[in-house]
Each structure stands twice: as structure tokens, then as C-alpha cells.
Amino acid sequence: MKRRTKIVVLGSALLLTAGAASAATASDSARHREAAALTGTAKLHRSAGDDITFSFDAHLAARDTADPMKATGTFEFSHYRDGRGARAKAEVDCLVTGGKVAVVSGVITESDLPGAEGKRVGVTVHDLGRHDRLGYSWASTGSPAETKELPECVSSAPFEKVEKGTGDFTVVPWQPEL
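No gaps in the numbering here: position 164 of the sequence shown is 251 in this note's numbering, and each next residue is one more.
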């Protein structure tokens, strides 16, 4: 073979190898991608000065894409005003996302609010970049402790505004095969 032909053949072989490796990496990445996720921390805006914070670390593994009740993780929330209030931490039991909206539910495992531990609560997040919104299942009951037998993945519309500059939520859209 002529030298020029050898260089072309070697170059082509290297390009094919690199392309195959890149395709394998992209395929592995897609296979290991989460089916859904909700992460981040932010404070809610209240003109009365309430200090309300929500933090999420909720995930649905790609292998569990057909069952949102296999979601894992935790979320926390607190509400304080004039030195009074409470906080709670919940173990995730369901996560469903659609586009930039997520609904997560969980059972409260730790709280200083009497009667809250063992109660299921749900939260809805609308990921709008710097203008995220949030809603919660106890919007109509007044307290997570007063919630009665809430099913998994139930919450309210995201009616609250996140306070500017306090954080940001990120929603990974769920794309189940239907």
C-alpha cells in the first residue's frame, strides 16, 4: 500500500473507533439517566415576613421508570414567623414529573410539629428558572398534622412564589413508555 492510502485507512479506522466509543457512551448515559428528579432549595415569598423554606432531593431511577412509587430521597420544609413555627423531613414515596412540573409525596419521619410524624404530605413544584412556584397538600387543611389519609403523589397547584435570589428547583421530566 502507498503511504497516503495507509494514512487514510488508519485515520478512518480511528474515526470509526472514536465514533463507536462515543455512541456507546451516549447509550450508557441514556441507560443510566434518571427517569425523574426534583432537587434544590428555595424560600417562599411572603410579604408578612414568614421564613418558609423547602429543600428536595427526590429521584426515580431509570430502571423504575414504570413505577413512580419506587422514587427515593427526602424533602424538608420549615415555616417560622416571629420565632414560632416548625420543620419537617419526609421520606419520598412517589415522584411524578411532567415537563417542568413535579409532584412529590412522602411520609414525615422527623418533625417538631406535634402530630406530624407518620403523616403523608405532597408538594408540587413548577420549575420556571428564577421564578419557580410551589404548592403543598396541606394548603387547605392548615397543617401537615391535620392531613387525613393522603394518597401518594397528591398535592395542590403551585400557587406560592419562590423568593427572588433564594434558590432554585430543578425538575427532570419523566418520560414513561405508554
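Note that the Cβ used here is the ideal one computed from N, Cα and C, for glycine as well.
- Membership of GLU197 in the beta strand (DSSP E) is indicated by the continuous run 188-198.
- Assigned with DSSP and collapsed to three states, GLY216 falls in helix.
- Of the other Cβ atoms in all chains shown, fewer than 16 fall within 10 Å of the Cβ of PRO238; this residue is therefore exposed.
- In the three-state reduction of the DSSP assignment, ARG207 falls in the strand class.
- Assignment of SER230 by DSSP, reduced to helix, strand and coil, places it in the coil class.
- In the three-state reduction of the DSSP assignment, ASP151 falls in the helix class, which pools H, G and I.
- By the C-beta criterion, the stretch 134-142 is judged not to be in contact with the stretch 229-236, since fewer than 3 inter-stretch pairs fall below 8 Å.
- With a threshold of 16 other beta carbon atoms within 10 Å, HIS213 meets it and is buried.
- Contact between the stretch 178-191 and the stretch 152-161 is present: three or more C-beta pairs spanning the two stretches fall below 8 Å.
- Judged by beta-carbon spacing, HIS166 lies beyond the 8 Å limit of LYS248, meaning their Cβ atoms are not closer than that value.
- DSSP places SER165 within a strand segment (E or B) once states are collapsed to three.
- When the beta-carbon positions are compared, PHE162 and VAL191 come within less than 8 Å of each other.
- Distance between PRO260 and THR152, taken at the CA atoms: about 11 Å.
- Residue pairing for LYS130: DSSP places it in a beta bridge opposite THR140.
- By the neighbour-count criterion, in which 16 or more other beta carbons inside 10 Å mark a residue as buried, LYS206 falls on the buried side.
- Cβ neighbours of ASP219 within its own chain (closer than 7 Å, five residues either side excluded): ALA129, VAL212, HIS213, VAL249, ASP255 and PHE256.
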